[in-house]
Amino acid sequence: MSSVELSGGDGGKWLDAHYDPVAGLYTFSSCVDLADLSGDGESRLVLGDLGSGSSGMKLKVYRGTALMSESTLLDLPAGLVAFFMDLHEPRIPAVAVASGPCIYVYKNMRPYFKFTLPGMEVNTLEQDVWQQVREGQIDPLTLKEMLESIRNKADVPLSVRSLHFLSLDTNDMDEFVQLHKQQPIKRQTVITCIGTLKKSTADEDGVSCLVIGTESSDVYILDPEAFIILTKMVLPAAPTMMDVTGQYDVEFRITVACRNGNIYILRRDSDKPKYCVELAAHPVGLVRVGKNMVVGCSDESLQGFTQKGKKLWRVDLPAPICTMASMDLPTKGFQAVLVGLANCEVQLYRDKNLLSTIKTPDVITSICFGRYGREDGTLIMTTKGGGLMVKILKRTAAFEDRDSAPGPPVAQSIRLNVPKKTKLYVDQTLRERENGVAMHRAFQMDLSRLRLAAAKAYVKALESSMTPMSSSLTEPLKMNAVVQGLGPSFKLTLNVQNTAACRPVMNLAISFLFDEGLYRMKNPYMRIPLLVPGLIYPVETFVECTSDKGISDIIKVFVLHEGRSSPLLTAHINMPVSEGLMLN
Numbered sequence: 102m103s104s105v106e107l108s109g110g111d112g113g114k115w116l117d118a119h120y121d122p123v124a125g126l127y128t129f130s131s132c133v134d135l136a137d138l139s140g141d142g143e144s145r146l147v148l149g150d151l152g153s154g155s156s157g158m159k160l161k162v163y164r165g166t167a168l169m170s171e172s173t174l175l176d177l178p179a180g181l182v183a184f185f186m187d188l189h190e191p192r193i194p195a196v197a198v199a200s201g202p203c204i205y206v207y208k209n210m211r212p213y214f215k216f217t218l219p220g221m222e223v224n225t226l227e228q229d230v231w232q233q234v235r236e237g238q239i240d241p242l243t244l245k246e247m248l249e250s251i252r253n254k255a256d257v258p259l260s261v262r263s264l265h266f267l268s269l270d271t272n273d274m275d276e277f278v279q280l281h282k283q284q285p286i287k288r289q290t291v292i293t294c295i296g297t298l299k300k301s302t303a304d305e306d307g308v309s310c311l312v313i314g315t316e317s318s319d320v321y322i323l324d325p326e327a328f329i330i331l332t333k334m335v336l337p338a339a340p341t342m343m344d345v346t347g348q349y350d351v352e353f354r355i356t357v358a359c360r361n362g363n364i365y366i367l368r369r370d371s372d373k374p375k376y377c378v379e380l381a382a383h384p385v386g387l388v389r390v391g392k393n394m395v396v397g398c399s400d401e402s403l404q405g406f407t408q409k410g411k412k413l414w415r416v417d418l419p420a421p422i423c424t425m426a427s428m429d430l431p432t433k434g435f436q437a438v439l440v441g442l443a444n445c446e447v448q449l450y451r452d453k454n455l456l457s458t459i460k461t462p463d464v465i466t467s468i469c470f471g472r473y474g475r476e477d478g479t480l481i482m483t484t485k486g487g488g489l490m491v492k493i494l495k496r497t498a499a500f501e502d503r504d505s506a507p508g509p510p511v512a513q514s515i516r517l518n519v520p521k522k523t524k525l526y527v528d529q530t531l532r533e534r535e536n537g538v539a540m541h542r543a544f545q546m547d548l549s550r551l552r553l554a555a556a557k558a559y560v561k562a563l564e565s566s567m568t569p570m571s572s573s574l575t576e577p578l579k580m581n582a583v584v585q586g587l588g589p590s591f592k593l594t595l596n597v598q599n600t601a602a603c604r605p606v607m608n609l610a611i612s613f614l615f616d617e618g619l620y621r622m623k624n625p626y627m628r629i630p631l632l633v634p635g636l637i638y639p640v641e642t643f644v645e646c647t648s649d650k651g652i653s654d655i656i657k658v659f660v661l662h663e664g665r666s667s668p669l670l671t672a673h674i675n676m677p678v679s680e681g682l683m684l685n
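Right, here's the structure in full:
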């Protein structure tokens, strides 16, 4: 590799090994893999180059920073995996490339086998219509009308030939019919995603089966030697991404993200999904970390789920997700998720904790982490402009969890050590089951008595007005009183509030009733201004104690309409003993 320099965008955890901005590589994470293709202990980079999208599709192999070989592909690659298909020595993996309806298997980087998906059922009405065209009974315009009618009503979809014919202009129809009318009608699906499943052992060089998802919403598991279909599973929608774990002969689990925005989990004992995870936004990335799966969604979020579909956490990202890949470092027992974002960043997450951020010169389109050459921790990325970037994880690098997302602390997700059920707990549970009705009636009786006692106390307090706060039943008014001072002079403050939503209250007055032998008040009758809803109006006055016997009494406060004798509010204020007169 080229000269190594420290990467400064992420605290020096990565080494910049190589960057070629004009490598001309256009691919995705599903079309990139690392494998020891020569059996010499050095892993090569294998990738399916999309070219221009209509031409220039190639299978390329890199050794270090140099292009070692390339092979032309007939169609756009949908996925690429390296797998061991037999037990022959030396142990060299084969490369399977999913392209259109076929899987091209390369061994020693030479074409070895081609597997084609089985054909699908053809609409009988469509066959009859093309037979009439072949016999010259109908013209192209009539053919178009009949095919449109079949497409709108038939349960079986039309073939690619008929759909292509319906999209043509009128001038091009006759030439298309003359070219294809003698050929038999075929209806073929295409492969959307591909993965590998260990056959019987979980060894790194164990024989693996191919798992493919198709546009017809089917999942096939292929035998690695005979390339026959071992198992067929049916999904509710077309799959776009998949993750496979387990062994075919023992137990396996296939996690599939589908085009309807849901994630389905397939098990060995059923040909239909076992669990379904409904997402609020469409998935754009799917990675398995341990027993959990991490899903990147189109709403700029990263979410974690258990293998049964229970949601564990969610993290909001600063930009849309472009690609995702797993980061597995067995030597350190480290597993995490690499997320390429549209803001030219690659973020590393372990669960919901952000561990590292790598700044890149361009938007990343594919990520692959693993052993490259003789380095175990190598990160390989391709950019939107076709560049190739290689980084190496420093052997001294250490990642620390820092919970950057708001929410509950990490300690909250740790399970409590709940003690086992004791005999007393079991006996109590049995007693509650047997006497549940009687216990419920006794509880309801006690609750009713408590409510009755509280209601009686409330009524008594209203009737005696012994509380410093009072409210009116006829007008939306509330009042509380505060007494300040040690004596013989006291400051009496009444806070009056209109509790109505929008109606003001006016023409109110406050009157005081007290023992004139004990107290003297300058204004025993005061008018209240208009009360605006929601505001608190303080009404202040001064009370002077005229007795030197060290006793106190109650001052009654009445709020009433001017010109009326019936009060709206009544409050009794317990005046404190005058400390000033007691000292005299």
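Taking the numbering used here, the leading residue of the sequence shown gets 102, the next gets one more, and so forth.
All C-beta atoms in this analysis are idealised placements derived from N, C-alpha and C, irrespective of residue type, glycine included.
For the region 112-179, the full-length beta strand (DSSP E) segments reaching 3 residues or more read 115-121, 133-136, 145-150, 159-164 and 167-173 along the chain. Contact annotation: residue 138 and residue 178 have beta-carbon atoms that are not nearer than 8 Å.
DSSP assignment within the region 398-470 yields the following whole beta strand (DSSP E) runs of 3 residues or more, N-terminal first: 402-406, 412-417, 422-430, 435-442, 446-451 and 454-460. About 5 Å separates the CB atoms of residue 294 and residue 343; that is less than 8 Å, so the two are in contact. Burial is judged here by how many other beta carbons sit within 10 angstroms of a residue's own beta carbon; residue 552 has fewer than 16 and is exposed.
From the listed residues 663, 652, 667 and 615, the smallest Cα separation to residue 644 is found for 615. Residue 651 has its alpha-carbon roughly 10 Å from the corresponding atom of residue 589. Spanning the alpha carbons of residue 499 and residue 330 requires a straight line of approximately 45 Å. Residue state for residue 659 is assigned as strand, using DSSP reduced to three classes. In the DSSP assignment, residue 673 falls outside any alpha helix (DSSP H) and lies within the beta strand (DSSP E) extending over 670-675.
In the three-state DSSP reduction, residue 224 falls in the coil class, being neither helix nor strand. In the DSSP annotation of this structure, the continuous segment of the alpha helix (DSSP H) that includes residue 261 starts and ends at 261-267. A straight-line Cα-Cα distance of about 24 Å links residue 393 and residue 183. In the three-state reduction of the DSSP assignment, residue 586 falls in the coil class. In its chain, beyond the 5 residues on either side, 234, 241, 244 and 266 have a beta carbon closer than 8 Å to the beta carbon of residue 278.
Within the region 517-562, the runs of alpha helix (DSSP H) at least 4 residues long that lie entirely inside it are, in chain order, 524-535. According to the DSSP secondary-structure assignment, residue 492 is paired through a beta bridge with 117 and 480. Of all alpha-carbon atoms in 339, 354 and 340, the one lying nearest the alpha-carbon of residue 346 is that of 354.
Here the region 362-377 makes no contact with the region 110-128; the two share fewer than three CB pairs at distances below 8 Å.
In this model, residue 131 and residue 415 are separated by some 24 Å (Cα to Cα). A straight line joining the alpha-carbon of residue 617 with that of residue 670 spans about 22 Å.
At a Cβ-Cβ threshold of 8 Å, residue 315 and residue 292 count as neighbours.
In its chain, beyond the 5 residues on either side, 362 and 399 have a beta carbon closer than 6 Å to the beta carbon of residue 383. The C-alpha of residue 464 is placed about 27 Å away from the C-alpha of residue 475. Under the DSSP assignment, residue 272 falls in the alpha helix (DSSP H) whose first and last residues are 271-281. Of the candidates 370, 358, 360 and 359, 370 places its Cα closest to the Cα of residue 352. Residue pairing of residue 393 in beta bridges, as defined by DSSP: 390. For residue 490, the number of other beta carbons within 10 angstroms of its own is at least 16, and it is reported as buried.
Judged by DSSP in its simplified three-state form, residue 302 adopts coil rather than helix or strand. Between residue 425 and residue 397, the beta carbon gap of about 5 Å places them in contact (Cβ cut-off 8 Å).
By the neighbour-count criterion, in which a residue is buried when 16 or more other Cβ atoms sit within 10 angstroms of its Cβ, residue 637 is exposed. As the crow flies, the alpha-carbon of residue 171 is around 22 Å from that of residue 480.
Sequence-distant Cβ neighbours of residue 585 in its own chain, meaning closer than 6 Å and more than five residues away, are 592. Residue 224 counts as buried, since at least 16 other C-beta atoms from the protein chains shown sit within 10 angstroms of its C-beta. Straight-line spacing of the CA atoms in residue 673 and residue 583 works out to 12 Å. When the beta-carbon positions are compared, residue 599 and residue 634 come within less than 8 Å of each other.
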